[in-house]
């Protein structure tokens, strides 16, 4: 994968703090390629890269990550509630459900509470939770 081959250059951009150049570099890659690159990077570096992605692209990339990769990113972004809420709301219902199903119930509930009402209603139905157990 081309993104993986450019890993040293991408890490250098992150180290220099050249996030605009990083964002421009990532524009040409498919979400799956960026996901593979995120998996290869240390957690903190991966989180910096992920934060540079435009909102829609971030959701697409997140959907390509395995659950442990998704969890690793979410842990790095734990203090960024608005960003996490936007990401969760932007995920496709099926991908969001797959992510939430793998989490401990209390953690999943916290994420459900971050969703806007329409997306929360869809998520609750897909997860099979009683309507009154959320929010």
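Residue numbers (my numbering): -11 to 123. Backbone N, C-alpha and C define an ideal beta-carbon position, used for all residues, glycine too.
Starting from residue i, trace the alpha helix (DSSP H) in both directions and tell me its first and last residue.
i: residue 87; result: 81 to 89
i: residue 50; result: 43 to 52
i: residue 102; result: 93 to 102
Given this structure, state the Cα-to-Cα distance separating residue i from residue j, to the nearest angstrom.
i: residue 72; j: residue 102; result: 8 Å
i: residue 0; j: residue 105; result: 41 Å
i: residue 10; j: residue 91; result: 31 Å
i: residue 56; j: residue 14; result: 22 Å
i: residue 86; j: residue 53; result: 12 Å
i: residue 27; j: residue 43; result: 19 Å
Do residue j and residue i have their beta-carbon atoms positioned less than 9 Å apart in this structure?
i: residue 114; j: residue 82; result: yes
i: residue 41; j: residue -5; result: no
i: residue 46; j: residue 78; result: yes
i: residue 75; j: residue 50; result: yes
With 16 other CB atoms within 10 Å as the buried threshold, where does residue i fall?
i: residue 32; result: exposed
i: residue 58; result: buried
i: residue 23; result: buried
Alpha helix (DSSP H) segments (min. 4 residues) lying fully within the region -6 to 31: With a minimum length of 4 residues, the continuous alpha helix (DSSP H) runs that stay inside the region -6 to 31 are -5 to 4, 7 to 14 and 19 to 28.
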